[in-house]
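**Student:** The structure's right below; bear with me while I get my questions together.
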Amino acid sequence: GDAVRAREYRQAYGKLMGLFDQMAALMGEEQLAFGETARILRAGFEELKVGVIPARLDQVLVGDLERTRLPQVKVLFVLGVNDVNIPGSASHGGMLSDLEREFLLNRGVELAPSRRQLQFRQRFYLYQQLTSPGEELYLFYSLLDNEQKELRPSYFIHTVQKLFPTLAVKPLGEERPEHASELPQRVAVLLQQYVQGLLAESETDQLLELLTLFQKYYGDGSVASYIERAFWQGGKERIAPGTARDLYGSVLYGSISRLENYAACPYAHFLKYGLRLREPREYRLESVDMGNIFHDVLAGFGRDLGEAGYDWQSFPADFAEEKLNDRLEDIRTLYGDELILDTARNGYALQRAGRILRRTVEVLQKHMQAGNFKTYGLELPFSVDCQWNPSRELFMRLEGRIDRVDVAMQDQDVYVKVIDYKSGNEQFSVDSLYAGLQLQLTVYLDMASRQLAEQNPGKKVRPAAMFYYRVADPVVDMEGAENLDELPELRLKEQRSRGILNASPEVVELLDHTFEKQSTVIPFTRNKDGQAARGSKACTEEELLLMEQYSEYKVDELGRQIRQGHIEASPYQQGTEEGCTWCPYKGCCSYDEKLPGYRKRRIPVMDQEEALAKMQETLNREVWENPDQKEAAEIMQESLREEP
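The opening residue of the sequence shown carries number 8 in this note's numbering; numbering runs sequentially from there.
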């Protein structure tokens, strides 16, 4: 418990200080590069060992046959020794034949393990794990699956029986008559019909008789479980506000992504932030890792520009090449050579990241050269407190960092543009903002505007644009192009900023003054009269301000729902997109549309004008329907009535 951890930390601190003392004694005043220092520290940390007397002598280990490395244990129980698990699915052949695989392997091409290799590997793990117990070994296999379909034992059961002919298979539990195997399915069907009100009185009597037999042969627990499942109503999960306070803390420290996660599905939020379930980490460069690499390198490159006296408009190409190489080398050191280069896949992933980043800084420079904005801040932090009204009790603190903020000064006006770097194909839609699924850009624009207003008293801060920029090196469709000379312009169009902008002519000119009809920098196309054409991602300044105001309301609403204990499994569905598609918690989620009470939250697909009207309607209604606002209004009216 805490005492054991305290003894570990006490030893760890002394050993850490000793390591630093040794480094100081050996190297003195010598200055080392960051990567060299990191390697020395890593080597030192690997040699540090902490000794603690075990708190208990006995333990139970639960694991997987292939992933768990068991010590010498006394007793081992192996569950699920059926042919669906051992040898398991054999669909690992892939597209290549054995002859093709041999040809590629002889030429040094690294391939995934073949079906034959996987079978040998599984047999090795079986031998390794099943020889670990020193006293007893139990093998269990099932006769039926959850749908009462027959299951077969694994080949390994027969192998063990051949090795030990005196072993006999013993069934678990009381011997049941043959007809008892049909009881579970029959009881389940009749219970479901009873709940739906479809059973006649005679059939209800039959159900009671079957439940009595079911209890006799399968036990009280099985009867209770079947009845509970039959009357189960999903989609109403909730915890008490006090429990929510204990889980999340007296102050809810939130990020935009956390609130968007809750808007997608409250139960997924509960599993991630309440129970703190985590996916097993695989040591390879996943897409999320690439996103972090892109953010770190671009933020570091922006700082390099300032230190060298450059800005995004003026840096030379050789400077960008040098600094990006330095930043990628730092990433290689941070992740560790053994991780980055342990497979050909990871080595290629890092090489591809370098190519994408070089293309990105080239395009971002052209974006800035086309307009009159200057970079104001990189990785700009913000923090805002949300309070209960009228008591003014702090209940949530919203924190985050804005990838980039650009500004343009025009007389007494300060125009602000926010940019968020994305490694995926993120698109902004106003109806998703209305549902709370895309709060990021509007909150960023609101936070940046607040900071700029404080630093520019007497001036008017005006929203110009909020954009995603996809960090990618896209493949360009050349269909319809006359020759390769059009490729640079087509690539620029493919890498335009995505989001929404202020459609006023002066703002469009500030964002891109280099185009006549269609911009290759911003998502805007002009009509003959100079106004936004169909397909442009633009709106009025008042509509941008409305989005900012609505995002404040939505942040407050989602925070209140979290604190009130709403954890219902109700994933959203909007068009073809839904909350379950990429959810990592499918394996431990109770959501099932076949069960009564469960259903997806249908969010209508709306155009921009309709979604903005819904936002305005919500804000107008919320003034009087919000309980706190209503209470404040009643207090005010009561005080007015008391006036003489």
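Positions of the beta carbon are idealized from the N, C-alpha and C atoms, including for glycine.
Have a look at GLU523, ALA270, GLN136, GLN79 and flag the residue whose alpha-carbon is nearest the alpha-carbon of GLU564.
**Tutor:** Among GLU523, ALA270, GLN136, GLN79, the Cα nearest to that of GLU564 belongs to ALA270.
**Student:** Taking the alpha carbon of LEU508 as the point to measure from, which residue in GLU550, ALA175, PRO603 has its own alpha carbon closest?
**Tutor:** Out of GLU550, ALA175, PRO603, GLU550 has the C-alpha closest to the C-alpha of LEU508.
**Student:** Could you tell me the boundaries of the alpha helix (DSSP H) in which ARG236 lies?
**Tutor:** Residues 227 to 237.
**Student:** ILE338 and ILE574 - do their beta-carbons sit closer together than 8 Å?
**Tutor:** No; because the gap between Cβ atoms is not below 8 Å, this pair is not in contact.
**Student:** Which runs of the alpha helix (DSSP H) at least 4 residues long sit entirely within the region 479 to 559? Give them in chain order.
**Tutor:** Correct list: 494 to 501, 512 to 518.
**Student:** Let me check you understand the geometry: is the CB of LEU459 closer than 7 Å to at least one non-hydrogen atom of the ligand MN?
**Tutor:** Within the structure as shown, the ligand MN is missing, as the structure has no ligands at all.
**Student:** Could you compute how far the alpha carbon of ALA175 sits from the alpha carbon of GLN168?
**Tutor:** Cα to Cα, ALA175 sits roughly 8 Å from GLN168.
**Student:** Just mark GLN136 as buried or exposed, buried being the case when its beta carbon has 16 or more other beta carbons within 10 Å.
**Tutor:** Looking at its Cβ environment, which holds 16 or more other Cβ atoms inside 10 Å, GLN136 is buried.
**Student:** Inspect the CB distances between the region 139 to 150 and the region 82 to 92 and report whether three or more fall short of 8 Å.
**Tutor:** Yes, the region 139 to 150 touches the region 82 to 92.
**Student:** Relative to the alpha-carbon of GLY506, which residue among PRO481, PRO287, PHE435 has its alpha-carbon at the smallest distance?
**Tutor:** GLY506 has its Cα closest to that of PHE435, out of PRO481, PRO287, PHE435.
**Student:** Which first and last residues belong to the beta strand (DSSP E) in which MET454 is found?
**Tutor:** MET454 -> not in any beta strand (DSSP E); alpha helix (DSSP H) instead, spanning 447 to 462.
**Student:** Consult DSSP for PHE277 and reduce its assignment to one of helix, strand or coil.
**Tutor:** Helix, per DSSP.
**Student:** Would you kindly report the start and end of the unbroken alpha helix (DSSP H) that includes GLU369?
**Tutor:** Run containing GLU369: 351 to 376, per the alpha helix (DSSP H) assignment.
**Student:** Can you list, in chain order, the residues of its chain whose CB lies under 6 Å from that of ASN379, leaving out five sequence neighbours each side?
**Tutor:** Same-chain partners within the cutoff: ALA415, LEU517.
**Student:** To which residues of the same chain is LEU278 closer than 8 Å at the C-beta, ignoring the five residues directly before and after it?
**Tutor:** So the qualifying residues of the chain are LEU284, TYR592, CYS595, CYS596.
**Student:** Grab the span of the beta strand (DSSP E) containing PHE171 for me, first residue to last.
**Tutor:** Element bounds for PHE171: n/a, residue is neither H nor E.
**Student:** Determine, using beta carbons only, whether GLU267 and GLY443 come nearer to each other than 8 Å.
**Tutor:** Their beta carbons are under 8 Å apart, which means GLU267 touches GLY443 by this criterion.
**Student:** Could you name the residues that DSSP lists as bridge partners for ASP413?
**Tutor:** In DSSP, ASP413 forms a bridge with THR382, LYS424.
**Student:** For PHE531, count the other beta carbons within 10 Å of its own beta carbon; 16 or more makes it buried, fewer makes it exposed. Which is it?
**Tutor:** Classification for PHE531: buried.
**Student:** Looking at the secondary structure, which residues open and close the alpha helix (DSSP H) in which GLY51 lies?
**Tutor:** It spans 41 to 54 - the alpha helix (DSSP H) in which GLY51 sits, taken as one unbroken run.
**Student:** If you check the beta carbons only, do LEU335 and PHE322 fall under 8 Å apart?
**Tutor:** Cβ distance not < 8 Å, so LEU335 and PHE322 don't count as in contact.
**Student:** Under 8 Å, do PHE221 and SER229 count as touching if we go by C-beta distance?
**Tutor:** Cβ atoms of PHE221 and SER229: closer than 8 Å.
**Student:** Return the residue from the list LYS524, GLU244, ARG159 that minimises the CA-CA distance to ALA576.
**Tutor:** With distances taken between Cα atoms, ALA576 lies closest to GLU244.
**Student:** Straight-line CA distance for ALA315 to GLU117?
**Tutor:** For ALA315 and GLU117, the distance between alpha carbons rounds to 42 Å.
**Student:** If we call anything under 8 Å between Cβ atoms a contact, is LEU83 one with PRO140?
**Tutor:** Yes; because the gap between Cβ atoms is below 8 Å, this pair is in contact.
**Student:** What would DSSP say about GLN136, mapped onto helix, strand or coil?
**Tutor:** GLN136: helix per DSSP, three-state reduction.
**Student:** Could you give the first and the last residue of the continuous beta strand (DSSP E) run that contains LEU86?
**Tutor:** Element bounds for LEU86: n/a, residue is neither H nor E.
**Student:** In angstroms, rounded to a whole number, what distance separates the CA positions of THR44 and PHE308?
**Tutor:** Going by the C-alpha atoms only, they are around 22 Å apart.
**Student:** Could you please give me the residues that DSSP links to ASP573 through a beta bridge?
**Tutor:** First, the residue type needs correcting, since residue 573 is His and not Asp in the sequence shown. According to DSSP, HIS573 bridges with ARG245.
**Student:** If you reduce the DSSP assignment to three classes, tell me which class CYS596 lands in.
**Tutor:** Coil at CYS596, not helix or strand.
**Student:** Under a three-way DSSP split, which group does ASP418 fall into?
**Tutor:** Coil at ASP418, not helix or strand.
**Student:** Can you give me the C-alpha to C-alpha distance between LEU619 and PHE27, rounded to a whole angstrom?
**Tutor:** If you take the alpha carbons of LEU619 and PHE27, they lie about 59 Å apart.
**Student:** Report the CB separation of LEU103 from ILE263 in whole angstroms; it is logged as a contact under 8 Å.
**Tutor:** Incorrect: roughly 44 Å between the Cβ atoms, too far for contact.
**Student:** State the start and end residues of the unbroken alpha helix (DSSP H) segment that holds ALA195.
**Tutor:** Its alpha helix (DSSP H) spans residues 190 to 202.
**Student:** Whose C-beta lies closer than 6 Å to the C-beta of ALA327 among residues of the same chain, with five residues either side of it excluded?
**Tutor:** Hits under 6 Å: VAL368.
**Student:** Using a 10 Å radius around the Cβ and a threshold of 16 neighbouring Cβ atoms, would you call LEU653 buried or exposed?
**Tutor:** In the structure as shown, the chain starts at 8 and stops at 651, and residue 653 therefore has no counterpart that could be examined.
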